[in-house]
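Visitor: Numbering (full-length UniProt numbering), first residue to last: 1 to 131. C-beta atoms are modelled at their ideal positions from N, C-alpha and C, and glycine is treated no differently. If you scroll down you'll find the structure; I have some questions about it.
Okay, structure coming up:
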């Protein structure tokens, strides 16, 4: 049985998936946009950064800039990342979705306090009605 992915690992994996998509988009684009290349580099730095306060501020800033400047990449941003980084990213989420993520966080905290394993994908599927 594999170890459950931690909350942070889950989001780092999502950042890495976004980096892969960004890389493909940059490779397909013959007209290189300097701002998009800069955002790609920032995403790479974010994936390797320590999860301190600056990490969350940087992540929030990068996602907001992607929404504003890279419309081809925006649909590939996981909703989980908008919630994870919060702040200005929450403006891209409807109230019902925010409520679902709050319930997911509460379930995670209950599992943590009971020292129980927490499977993000399974719990998300239950709360969001994906099954």
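Is it right to say residue 59 is buried, meaning 16 or more other beta carbons lie within 10 angstroms of its own, or is it exposed?
Guide: Answer is buried; the Cβ neighbour count reaches 16.
Visitor: If residue 155 sits next to residue 81, beta carbons under 8 Å apart, how far is it from one beta carbon to the other, in whole angstroms?
Guide: Nothing in the structure corresponds to residue 155, since the chain is present only between 1 and 131.
Visitor: Touch check for the region 85-100 and the region 33-52: three-plus C-beta pairs under 8 Å?
Guide: Output reads no: the region 33-52 does not touch the region 85-100.
Visitor: Between the Cα of residue 101 and those of 13, 28, 83, 116, spot the shortest distance and give me the residue it belongs to.
Guide: Checking every option, the nearest Cα to that of residue 101 belongs to 83.
Visitor: Over what stretch of residues does the alpha helix (DSSP H) that includes residue 28 continue unbroken?
Guide: Residue 28 -> alpha helix (DSSP H) spans 7-28.
Visitor: Suppose the cutoff is 7 Å on Cβ atoms and the five residues either side in sequence are ignored; what does the same chain contact list for residue 72 look like?
Guide: Around residue 72: 25.
Visitor: Please look up how many angstroms separate the CB atoms of residue 7 and residue 120, rounded, as I've assumed it's under 8 Å.
Guide: Their Cβ separation, rounded to whole angstroms, is 7 Å, which keeps residue 7 and residue 120 in contact under 8 Å.
Visitor: Considering only the alpha carbon of each residue, which of 55, 77, 129, 69 lies closest to residue 96?
Guide: If we check each option's Cα against that of residue 96, 129 comes out closest.
Visitor: Within 10 Å of its beta-carbon, does residue 22 have 16 or more other beta-carbons around it, so buried, or fewer, so exposed?
Guide: Buried: at least 16 other Cβ atoms inside 10 Å.
Visitor: Exposed or buried, residue 36, counting other C-beta atoms within 10 Å across all chains shown (16 or more means buried)?
Guide: Burial call: buried.
Visitor: Can you tell me where the alpha helix (DSSP H) with residue 59 in it begins and where it stops?
Guide: Residue 59 -> alpha helix (DSSP H) spans 53-69.
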